[in-house]
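Just so you know, the sequences run in chain order A and B. Its first residue numbered 1, the first sequence is counted upward by one per residue in the numbering used here. Its first residue numbered 200, the second sequence is counted upward by one per residue in the numbering used here. C-beta atoms are modelled at their ideal positions from N, C-alpha and C, and glycine is treated no differently. These numbers were taken from a predicted model, which means no experiment stands behind them.
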Amino acid sequence: MLWIILGGYLFILTGTLIFTVTRSWIYALTAFSFQTLGVGLLALQIASVPVAAAKCIVGWLAVTILAITISHEKKEFLQDAEGTIAPIFRMAIWILVFSSMLVLFPGLGGFFQNPPAGILLPSGFLLGIGLVNLGISEHPLRVSLSLLSLLQGFELSYLWVEQSLLVLALLAVMDLSILVVLSILHSYSTPVENPGMNL
Amino acid sequence: MNAPAIFLVTPGLIALAAYGLYPGRSRWTTVLAVLFALLLAFASSLIPLGAPWIILGHPLPVSNTLSFLGRSFIFTSDVRPIIMFLCLGTAALLAGSLAVSTNRILIPVLLLVLSLLFASLFIQPFLYSSFFLFLSVVLLSLLLSDTSHPSPRGAVRWISYSVLGTLFLLLAGSGISAYSNLPADSVKMEPILIQLCLGFGLLLSFPPFHFWLPEVADDSPPYSVSLVLSLYVGGVIFVLLRFLDGFAWLRQSSAVYLVFLLAGSGMCVIGSSLSLVQNRLGRCVGFLSLSNLGVVFLSLSITGPVGLKGGMLLLALRGLSLLVWGVSFHNLRPKQASDHIADLRGRAFSSPVAFSAALLSGLSLVGLPGLFSFPAFWTVLRSVTDPGSPGSPAVIPQLAILFSMVAGILSLYRFARPMMQVPLALSISRGGGRLFRALLLVSIGSIFLLGVFPQILSPWISNAASAFPNLLPK
Numbered sequence: 001m002l003w004i005i006l007g008g009y010l011f012i013l014t015g016t017l018i019f020t021v022t023r024s025w026i027y028a029l030t031a032f033s034f035q036t037l038g039v040g041l042l043a044l045q046i047a048s049v050p051v052a053a054a055k056c057i058v059g060w061l062a063v064t065i066l067a068i069t070i071s072h073e074k075k076e077f078l079q080d081a082e083g084t085i086a087p088i089f090r091m092a093i094w095i096l097v098f099s100s101m102l103v104l105f106p107g108l109g110g111f112f113q114n115p116p117a118g119i120l121l122p123s124g125f126l127l128g129i130g131l132v133n134l135g136i137s138e139h140p141l142r143v144s145l146s147l148l149s150l151l152q153g154f155e156l157s158y159l160w161v162e163q164s165l166l167v168l169a170l171l172a173v174m175d176l177s178i179l180v181v182l183s184i185l186h187s188y189s190t191p192v193e194n195p196g197m198n199l
Numbered sequence: 200m201n202a203p204a205i206f207l208v209t210p211g212l213i214a215l216a217a218y219g220l221y222p223g224r225s226r227w228t229t230v231l232a233v234l235f236a237l238l239l240a241f242a243s244s245l246i247p248l249g250a251p252w253i254i255l256g257h258p259l260p261v262s263n264t265l266s267f268l269g270r271s272f273i274f275t276s277d278v279r280p281i282i283m284f285l286c287l288g289t290a291a292l293l294a295g296s297l298a299v300s301t302n303r304i305l306i307p308v309l310l311l312v313l314s315l316l317f318a319s320l321f322i323q324p325f326l327y328s329s330f331f332l333f334l335s336v337v338l339l340s341l342l343l344s345d346t347s348h349p350s351p352r353g354a355v356r357w358i359s360y361s362v363l364g365t366l367f368l369l370l371a372g373s374g375i376s377a378y379s380n381l382p383a384d385s386v387k388m389e390p391i392l393i394q395l396c397l398g399f400g401l402l403l404s405f406p407p408f409h410f411w412l413p414e415v416a417d418d419s420p421p422y423s424v425s426l427v428l429s430l431y432v433g434g435v436i437f438v439l440l441r442f443l444d445g446f447a448w449l450r451q452s453s454a455v456y457l458v459f460l461l462a463g464s465g466m467c468v469i470g471s472s473l474s475l476v477q478n479r480l481g482r483c484v485g486f487l488s489l490s491n492l493g494v495v496f497l498s499l500s501i502t503g504p505v506g507l508k509g510g511m512l513l514l515a516l517r518g519l520s521l522l523v524w525g526v527s528f529h530n531l532r533p534k535q536a537s538d539h540i541a542d543l544r545g546r547a548f549s550s551p552v553a554f555s556a557a558l559l560s561g562l563s564l565v566g567l568p569g570l571f572s573f574p575a576f577w578t579v580l581r582s583v584t585d586p587g588s589p590g591s592p593a594v595i596p597q598l599a600i601l602f603s604m605v606a607g608i609l610s611l612y613r614f615a616r617p618m619m620q621v622p623l624a625l626s627i628s629r630g631g632g633r634l635f636r637a638l639l640l641v642s643i644g645s646i647f648l649l650g651v652f653p654q655i656l657s658p659w660i661s662n663a664a665s666a667f668p669n670l671l672p673k
């Protein structure tokens with residue numbers, strides 16, 4: 001179990017770091033897949049294998065939907081051109097959120113009826129990094145991934161509170177609906193590249 | 200027969216049919232959708248509970264519970280007035296869409312949102328209702344952007360705020376279930392109250408969580424904005440009142456009514472102040488709707504039937520005002536045209552009916568005397584009291600309402616003045632068709648008629664308050 005937890009931490013930290021720093025969609029989606037795997041592994045501490053697997057599947061489905069959306073885009077869209085300062089700034093933010101969460105996470109326990117620290121720390125970190133990413137980009141697809149990070153953090157701790165099938169299903173619907181709708185909204189803002197996405 | 204299934208499943212089926220029927224038969228599809236919404240309203244009052252339903256002499260057993268994935272959706276007689284309220288509101292919004300050019304998904308989205316709002320009222324335990332509210336946000340967001348309004352900024356912000364609001368409500372819900380028998384004013388109640396305030400604040404655009412509102416009003420089709428600000432906001436307020444009605448410790452806490460009072464006053468002052476400094480009509484009306492929502496909350500801060508009935512009335516009239524505004528503004532602001540104050544010059548001459556309807560609906564939203572919202576505004580103004588010392592009038596909320604009325608009228612005047620200036624090239628538009636002009640003329644007549652004779656409609660609408668029996672004194 002210890003190796004699984006350590007693996008989970010590693011995937012989450014690496015995934016969030018790459019997702020926060022990079023502006024390349026290919027790296028961002030790969031990072032988010034790793035992050036999702038990390039969430040699934042950490043969920044095993046308090047949930048059964050099918051529940052953890054369901055969390056992973058939802059995250060990977062989200063990545064697939066995003067990959068399909070992005071595949072309709074022009075090549076320039078896949079990688080934003082930016083200088084060296086911006087990635088360094090975002091890395092600094094990531095370090096700031098991580099160090100803040102190391103100090104603050106015990107105080108978050110009350111919100112989720114005191115889950116174990118092994119759940120609360122990554123959960124708080126995902127919530128924090130999701131919020132930060134939400135604040136630094138207005139692009140619909142990037143917002144959708146930030147919201148999913150935020151929701152993964154919430155869902156990890158919420159598993160401690162509630163594991164009913166309906167709630168799990170509704171949370172999954174919530175995750176995927178955000179992604180689908182933001183992909184559709186994104187297609188309206190770039191209609192030339194997506195002639196097929198017309199409702 | 201399963202009563203919840205009728206309200207949860209049939210709108211979905213009709214939505215699917217409407218999506219298929221719409222191309223080529225848009226008007227008939229809309230009429231059928233209106234009739235369906237009216238039929239649902241009628242059914243909600245007819246379906247018997249605890250006894251078989253006699254149809255053509257045959258008894259049909261009726262179940263009031265639908266079980267799904269281990270949870271229950273329960274149709275109780277208490278929710279009948281809210282269902283009627285929502286169905287009639289949806290029917291009006293669907294009928295209004297006949298007068299504006301909409302896309303194919305409007306009818307399906309409206310019907311699905313109606314079904315989700317029903318689900319948020321039926322679900323037990325009640326804490327899961329926030330999921331359904333969020334799903335309605337997601338669906339309504341689809342209407343906020345199209346090829347004519349390509350910027351998704353408003354919708355993206357709305358979804359982001361709603362996700363956060365939903366999470367706070369889920370946390371509050373789990374806290375409520377953990378401490379189910381809390382006494383009023385317990386120390387443990389404080390974090391739950393804060394979570395509820397944050398959750399509903401984010402969903403309802405309480406300042407400082409209102410930043411999605413101007414973006415939505417700016418970037419989206421006007422009719423879709425009016426749907427969001429009327430139907431969705433109404434649905435969230437019903438869920439909020441169900442929370443209050445369902446938990447004794449919550450409704451007995453004076454802190455809740457104080458929060459309503461402060462939030463209402465704040466929304467009145469901030470909404471109307473911000474409307475004064477806007478240069479775009481869409482944003483201005485967005486902020487006026489925020490100010491109007493403040494008056495709704497001030498009404499709900501009044502304990503007892505006066506406040507609750509006043510709140511229901513204000514919600515309904517807000518919906519009607521926004522509906523008329525959505526239809527008329529759609530005509531005043533052609534696709535991809537600016538609604539900047541400088542670009543609206545002379546519009547009163549080119550589209551006189553639409554201009555009159557837009558102006559009157561805006562003035563009704565701010566409670567101008569003589570128009571249909573004023574009697575409800577006046578009741579709130581007279582009845583709002585200080586929760587700390589019952590019986591004594593609360594001066595600050597009263598001033599907030601008066602300020603919102605004056606500032607609202609001034610902000611609308613700012614826009615009306617250039618619109619009434621004679622343009623260099625005068626061209627009178629008869630755009631929008633006969634149905635459009637007929638609908639707007641009927642609306643203009645209703646705004647005046649119901650302002651002078653509020654008793655025509657108010658007893659019917661106030662009846663919706665009976666959906667919250669615990670909030671009404673026995």
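Hey, quick one: how far does the beta strand (DSSP E) through residue i stretch, first residue to last?
i: A/His-186; result: It is not in any beta strand (DSSP E) - A/His-186 instead sits in the alpha helix (DSSP H) that spans 165 to 189.
i: B/Leu-259; result: 257 to 259
i: B/Ser-266; result: 264 to 267
i: B/Ile-253; result: 252 to 254
Within a Cβ cutoff of 6 Å, which residues of the same chain sit near residue i, ignoring the five residues on either side of it in sequence?
i: A/Pro-191; result: Any reading at A/Pro-191 must be qualified, since the residue scores a pLDDT of 48, below 50, and its modelled position is unreliable; no value is offered.
i: B/Arg-239; result: Strictly speaking, residue 239 of chain B in this sequence is Leu, with Arg absent from that position. Result list for B/Leu-239: Cys-286, in chain order.
i: B/Ser-271; result: Thr-264, Gln-323
i: A/His-186; result: Pro-140, Leu-141
i: B/Met-619; result: Ala-547
i: B/Gly-434; result: Leu-316
i: B/Ser-665; result: Pro-280
Quick check on residue i: buried or exposed, where buried means 16 or more other Cβ atoms within 10 Å of its Cβ?
i: A/Met-1; result: exposed
i: A/Gly-59; result: buried
i: B/Trp-227; result: exposed
i: A/Leu-96; result: exposed
i: A/Gly-196; result: Residue confidence is low: A/Gly-196 scores 40 on pLDDT, short of 50, so the model does not pin down where it sits. Its coordinate-derived value is still stated next. With fewer than 16 Cβ atoms within 10 Å of its Cβ, A/Gly-196 is classed as exposed.
i: A/Glu-155; result: buried
i: B/Gly-398; result: buried
i: A/Leu-199; result: Reliability of the predicted coordinates at A/Leu-199 is poor, the pLDDT of 44 falling under 50, and the value obtained from them is presented with this limitation in mind. Burial call: exposed.
i: A/Pro-122; result: buried
i: B/Phe-652; result: exposed
i: B/Ile-253; result: exposed
i: B/Trp-411; result: buried
i: A/Trp-3; result: exposed
i: B/Leu-215; result: exposed
i: A/Lys-55; result: buried
i: B/Ile-436; result: buried
i: B/Ser-328; result: buried
Beta-carbon within less than 8 Å of residue i's beta-carbon, same chain only, minus the 5 sequence neighbours each way: which residues are those?
i: B/Ala-250; result: Val-261
i: B/Ala-637; result: none
What residue does the alpha helix (DSSP H) around residue i start on, and which one ends it?
i: B/Arg-517; result: 504 to 531
i: B/Phe-548; result: 546 to 549
i: B/Arg-224; result: Careful: B/Arg-224 lies outside any alpha helix (DSSP H) and carries neither H nor E.
i: A/Ala-62; result: 49 to 71
i: B/Pro-568; result: It is not in any alpha helix (DSSP H) - B/Pro-568 carries neither H nor E in the DSSP assignment.
i: B/Met-200; result: No alpha helix (DSSP H) holds B/Met-200; DSSP gives it neither H nor E.
i: B/Ser-666; result: Rather than Ser, the amino acid found at residue 666 of chain B in this sequence is Ala. Taken as a continuous stretch (DSSP letters only), B/Ala-666 belongs to no alpha helix (DSSP H), as it is neither H nor E.
i: B/Ala-458; result: In the sequence on display, residue 458 of chain B carries Val and not Ala. Run containing B/Val-458: 453 to 475, per the alpha helix (DSSP H) assignment.
i: B/Asp-444; result: 432 to 445
Short of 7 Å in beta carbon distance, which residues of its chain neighbour residue i, apart from the five on each side in sequence? Order them along the chain.
i: A/Val-143; result: Leu-134, Ser-137, Leu-182
i: A/Val-161; result: Phe-112, Gln-113
i: A/Leu-37; result: Phe-11, Cys-56
Report task. Answer yes if the stretch 609 to 618 of chain B comes into contact with the stretch 473 to 489 of chain B, meaning at least three C-beta pairs across the two stretches below 8 Å, and no otherwise. Result -> yes
Report task. Taking 8 Å as the threshold, find out whether the stretch 461 to 471 of chain B comes into contact with the stretch 512 to 525 of chain B through three or more Cβ pairs. Result -> no
**Report entry** Complete runs of the alpha helix (DSSP H) confined to the stretch 263 to 316 of chain B [at least 4 residues]
**Finding:** 279 to 295
Query raised in the report: Are the stretch 414 to 427 of chain B and the stretch 389 to 396 of chain B in contact at 8 Å, needing three or more beta carbon pairs?
Result: no
Query raised in the report: Between the stretch 355 to 370 of chain B and the stretch 321 to 338 of chain B, do three or more beta carbon pairs fall short of 8 Å?
Result: yes
Query - Minimum length 4: unbroken alpha helix (DSSP H) runs contained in the stretch 393 to 420 of chain B - result: 411 to 418
Query raised in the report: Contact between the stretch 637 to 648 of chain B and the stretch 554 to 561 of chain B: three or more CB pairs below 8 Å?
Result: yes
Query raised in the report: Taking three-plus beta-carbon pairs below 8 Å as touching, is the stretch 5 to 21 of chain A in contact with the stretch 29 to 41 of chain A?
Result: yes
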